[in-house]
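Here is the structure we will look at.
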Amino acid sequence: MTTGAIVLMALGSNPPTAGPWSLWTYRRLDPVKQALSSLAAQSPTRWNRVEIYYSGTKTGDVKTLASLNGLARPEDIDCHFVICNGFGGGDGYIQPTEKWQRQWPVIPSRTWYGTRQTIRICVVADGKTVRPTECQIKRVEALVEQLRNKFSIPLQSIYQPRDWP
């Protein structure tokens, strides 16, 4: 018992390194409910669909993705949430965008044909060589569950990549 106490004291606030996913890493992230808050009022009938898609990049956060898409400002990114993978933002970190803060719809484009009532979640991964991390998957699941409960979104209105884990 003494040996165990000495080891724990030596580690201090630095837990032992874990595999690709650890409960410690997951628990240090902000609660999903915090990411759902917004500056604008949220109507219970405002949203009726959720789409999960890959960023097509190996790294990124809101600023990086906006820059890679040729946007002048991060506020112009065309999704409501970005789920980081540890390269550009903390693994599993949920970044609400300006569109979510203001409860604005995503603008349909040549690569997306959703409706004005679709919540878009961008997962930083390319879906080929860089797959979503375990932490990203768990955070997306928690976020989608909170969105479904808050806005009464049916399960059949959740869209995800064909190869989503």
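Residues 1445 to 1609 in the working numbering are what the sequence shown spells out, letter by letter.
We treat Cβ as the ideally placed atom computed from N, Cα and C, and that holds for glycine.
These numbers come from a predicted model, not from an experiment.
Please determine, among the options, the residue with the shortest C-alpha to C-alpha distance to residue i.
{"i": "Pro1475", "options": "Glu1589, Thr1577, Gly1500", "result": "Glu1589"}
{"i": "Asn1593", "options": "Gln1580, Pro1576, Ile1538, Pro1488", "result": "Pro1488"}
{"i": "Cys1579", "options": "Thr1559, Pro1605, Gly1530", "result": "Gly1530"}
{"i": "Cys1528", "options": "Cys1566, Pro1552, Ile1551, Thr1562", "result": "Cys1566"}
{"i": "Ser1481", "options": "Thr1501, Glu1542, Arg1517, Val1506", "result": "Glu1542"}
Are the beta-carbon atoms belonging to residue i and residue j less than 8 Å from one another?
{"i": "Val1584", "j": "Thr1503", "result": "no"}
{"i": "Arg1564", "j": "Glu1495", "result": "yes"}
{"i": "Val1526", "j": "Leu1515", "result": "no"}
{"i": "Pro1624", "j": "Gly1571", "result": "This structure cannot speak to residue 1624, because the chain is shown only from 1445 to 1609."}
{"i": "Thr1577", "j": "Arg1493", "result": "no"}
Within 10 Å of its beta-carbon, does residue i have 16 or more other beta-carbons around it, so buried, or fewer, so exposed?
{"i": "Leu1599", "result": "exposed"}
{"i": "Ser1540", "result": "The residue you asked about is not Ser; residue 1540 is Pro in the sequence shown. It counts as buried."}
{"i": "Ala1479", "result": "buried"}
{"i": "Ile1597", "result": "buried"}
{"i": "Lys1477", "result": "exposed"}
{"i": "Thr1573", "result": "exposed"}
Rounding to the nearest angstrom, what Cα-Cα distance links residue i and residue j in this structure?
{"i": "Tyr1557", "j": "His1524", "result": "15 Å"}
{"i": "Glu1607", "j": "Ser1499", "result": "The sequence shown places Asp at residue 1607, rather than the Glu named in the question. Taking the straight line joining both Cα atoms gives about 14 Å."}
{"i": "Asp1522", "j": "Gly1532", "result": "18 Å"}
{"i": "Arg1560", "j": "Ile1551", "result": "8 Å"}
{"i": "Gln1486", "j": "Ala1586", "result": "19 Å"}
{"i": "Trp1491", "j": "Phe1595", "result": "6 Å"}
{"i": "Tyr1497", "j": "Leu1591", "result": "16 Å"}
{"i": "Ser1553", "j": "Thr1501", "result": "19 Å"}
{"i": "Ser1601", "j": "Arg1517", "result": "30 Å"}
Against chain D, with Cβ distances strictly below 8 Å, would residue i count as a contact?
{"i": "Lys1582", "result": "Chain labels in this structure do not include chain D; a single protein chain is all it has."}
**Report entry** At least three beta-carbon pairs within less than 8 Å, the stretch 1547-1558 to the stretch 1527-1539
**Finding:** no
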